[in-house]
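**Q**
Numbering (the working numbering), first residue to last: 238 to 494.
1. Could you give the first and the last residue of the continuous beta strand (DSSP E) run that contains residue 478?
2. Taking DSSP's pairing of strands, which residues face residue 422 in a bridge?
3. Got a sec? Which residues, its chain only, sit under 8 Å from residue 267 by beta carbon, not counting five neighbours each side?
4. Please state whether DSSP places residue 298 in a helix, a strand or coil.
5. Residue 416 by DSSP, collapsed to three states: which one?
6. Thinking C-beta only, is residue 453 closer than 8 Å to residue 424?
7. Could you tell me the boundaries of the beta strand (DSSP E) in which residue 317 lies?
8. So, using beta-carbon positions, are residue 414 and residue 479 closer together than 8 Å?
9. How far does the beta strand (DSSP E) with residue 447 in it reach, from first residue to last?
10. Identify the continuous alpha helix (DSSP H) that holds residue 339 and give its terminal residues.
11. Who are the near neighbours of residue 473 in its chain, counting only those whose CB is closer than 6 Å to its CB and skipping five residues on each side?
12. For residue 486 and residue 316, I'd like the C-alpha separation in whole angstroms.
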């Protein structure tokens, strides 16, 4: 923990911080005077985000990490001096096949990163979060946590798991100096999410957002995360669903064309 003229600087660990929502959360928290620790698998992308944060006067450290690798997660936690906020953002969706034709390896991969990865990071950092006196665990889930849809079975199952992890942890740490926050975004236009889901098919990825006026972007979610974690210690934002105005529900999206 650094100390500034205004007091100690809180440390926030963000997983999946190399792009999209994770990178946006890192930038937003750094602007709010957090020292941010960026983790993801792609070192070059992490370093680019950290360089951007540093150029803006923020403090960022880079730790390449695969959250599904338990030994690596434990080693990371062991060398981290302190942690006040953990943002479990690492995730992803792979494939849009119906249940009948889905690849079990895709489902397994989604569960590993969205649920097991978050579990391992939370377990490893809970001692530091407790020691901070106001530890905050943030789960970035999805509106898919609550609503199933055709072709989304594996992703919905994984995000249901992320939702259950957050809800259960909140029950289990009740009475301790810990807050558990879940942010469930709806339609967010990021550079990689849909492209990965459609296995690199740019036309299909772009069609998701075609005609949608002003879908959310990563910075919108980052604003929500920053607001939630900076509430007074006695205020817990249990669950916040955030969608663009054009999306009333998972299947109800206004399109201009």
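From the three backbone atoms N, C-alpha and C, an ideal C-beta is built for every residue, glycine too.
**A** The short version:
1. Residue numbering aside, residue 478 sits at position 241 when the chain shown is read from its first letter. Unbroken beta strand (DSSP E) run through residue 478: 476 to 479.
2. The count along the chain shown starts at 1 and reaches residue 422 at position 185. 479, per the DSSP bridge assignment.
3. Position 30 of the chain shown holds residue 267. Taken in chain order, the residues that qualify are 273, 290, 293, 295, 296, 297.
4. The residue given as residue 298 occupies position 61 in the chain shown. DSSP places residue 298 in the strand class (E or B) of the three-state scheme.
5. Here the question's residue 416 lines up with position 179 in the chain shown. When DSSP states are grouped into helix, strand and coil, residue 416 belongs to the strand group.
6. By one-based count along the chain shown, residue 424 stands at place 187. By one-based count along the chain shown, residue 453 stands at place 216. Inclusion of residue 424 and residue 453 in the CB contact set at 8 Å is warranted, their separation being smaller than that value.
7. Looking up residue 317 in the chain shown gives position 80. Segment: none, residue 317 is in no beta strand (DSSP E) and carries neither H nor E.
8. As a first step, residue 414 is located in the chain shown; it is residue number 177 there, counting from the start. As a first step, residue 479 is located in the chain shown; it is residue number 242 there, counting from the start. No, Cβ-Cβ distance for residue 414 and residue 479 is not below 8 Å.
9. Your numbering for residue 447 matches position 210 in the chain shown. From DSSP, residue 447 is part of no beta strand (DSSP E); its letter is neither H nor E.
10. Position 102 of the chain shown, counted from the first residue, corresponds to residue 339. Unbroken run through residue 339: none, as it is neither H nor E.
11. If you number the chain shown from 1, residue 473 lands on position 236. Around residue 473: 416.
12. Taking the chain shown and counting its residues from 1, one reaches residue 486 at position 249. Taking the chain shown and counting its residues from 1, one reaches residue 316 at position 79. One Cα belongs to residue 486, the other to residue 316, and the distance between them is close to 43 Å.
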